[in-house]
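Visitor: Sharing a structure with you now.
In this note's numbering, the protein residues as written are 196 to 371.
Structure (structure tokens):
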């Protein structure tokens, strides 16, 4: 079935609502007799139109909004944060990953992972680059050390947000 343009959809809806004058209605019925896809779309919209005709629009009571707002005011807004238990689990996971990576680095597992990235292999137009591009040394040990440092930064962030901040907030409130 081909896609019916929005203007024809609107015309079908006006036809179903009885908003077309007699000349437009007759011209539209003639167009319906010639176009099968338009007739199928009319049947679809007619089914929807008949289904929706029987439905009544429900209106809420006049003080519905005020009642909802009063109930919302009963519950204080709490800032969403990590629970201390989840923070400890996340922190321990990060520290285990950092520990394993540190053991592997100190054992020399990544020492032989050395290569270079040759930028001259990339096909670039010669009018932009007349000189040859440099080769970048790539050391697995350096990359793993960078990942370890980033994980330690994440661990400090989790420690601060999920463990220390709630702990000090409780102490300020006097809920030891």
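Glycine included, each C-beta is placed from N, C-alpha and C at the ideal position. Computed from a prediction, not measured in an experiment: that's the story for all the values here.
1) Quickly, what does DSSP pair residue 287 with across the bridge? List them, please.
2) Would you kindly report the start and end of the unbroken alpha helix (DSSP H) that includes residue 333?
3) Buried or exposed for residue 365, please, with buried defined as at least 16 other CB atoms from any protein chain shown within 10 angstroms of its CB.
4) Residue 297 to residue 343, Cα distance in whole Å?
5) In the DSSP assignment, find the unbroken beta strand (DSSP E) run with residue 358 in it and report its ends.
6) Could you pull the DSSP bridge partners for residue 312 from this structure?
7) Do residue 346 and residue 293 count as a contact pair if the criterion is CB distance below 8 Å?
8) Roughly how many angstroms separate the alpha carbons of residue 303 and residue 272, rounded to a whole number?
9) Hey, is the segment 250-267 in contact with the segment 300-315, meaning 3+ C-beta pairs nearer than 8 Å?
10) Cutting at 7 Å between CB atoms, please list the residues of its own chain near residue 206, excluding the five before and the five after it.
11) What is the DSSP secondary structure of residue 228, reduced to helix, strand or coil?
12) When you compare each of 305, 231, 316 to residue 199 by their alpha carbons, which one comes out closest?
13) According to DSSP, is residue 292 helix, strand or coil?
14) Ignore the nearest five residues each way along the sequence and tell me which others in residue 328's own chain have a CB closer than 6 Å to its CB.
Guide: Inspection of the coordinates gives the following:
1) By 1-based counting over the chain shown, the position of residue 287 is 92. Bridge partners of residue 287: none, in fact.
2) Within the chain shown, the letter at position 138 stands for residue 333. Where residue 333 is concerned, there is no enclosing alpha helix (DSSP H), although the beta strand (DSSP E) it sits in stretches over 330-334.
3) As a working mapping, residue 365 is identified with position 170 in the chain shown. Burial call: exposed.
4) Stepping through the chain shown from its first residue, residue 297 is reached at position 102. Stepping through the chain shown from its first residue, residue 343 is reached at position 148. Their Cα atoms are separated by approximately 7 Å.
5) The sequence position of residue 358 within the chain shown is 163, counting from 1. Boundaries cannot be given for residue 358, as no beta strand (DSSP E) includes it and DSSP labels it neither H nor E.
6) Here the question's residue 312 lines up with position 117 in the chain shown. According to DSSP, residue 312 bridges with 331.
7) Here residue 293 is taken as the residue at index 98 of the chain shown, counted from 1. Here residue 346 is taken as the residue at index 151 of the chain shown, counted from 1. Cβ distance < 8 Å, so residue 293 and residue 346 count as in contact.
8) As a first step, residue 303 must be located in the chain shown, where it is residue number 108. As a first step, residue 272 must be located in the chain shown, where it is residue number 77. Taking the straight line from one Cα to the other gives about 52 Å.
9) No, the segment 250-267 is not in contact with the segment 300-315.
10) Here residue 206 is taken as the residue at index 11 of the chain shown, counted from 1. Only 223 meet the Cβ criterion.
11) Here residue 228 refers to the residue found at position 33 of the chain shown. For residue 228, the secondary structure class from DSSP, reduced to helix, strand or coil, is helix.
12) For this step, residue 199 is matched to residue 4 along the chain shown. When each option's Cα is compared against that of residue 199, the closest is 231.
13) Position 97 of the chain shown, counting from 1, holds the residue named residue 292. In the displayed model, residue 292 falls within a helix according to three-state DSSP.
14) Here residue 328 is taken as the residue at index 133 of the chain shown, counted from 1. Taken in chain order, the residues that qualify are 314, 315.
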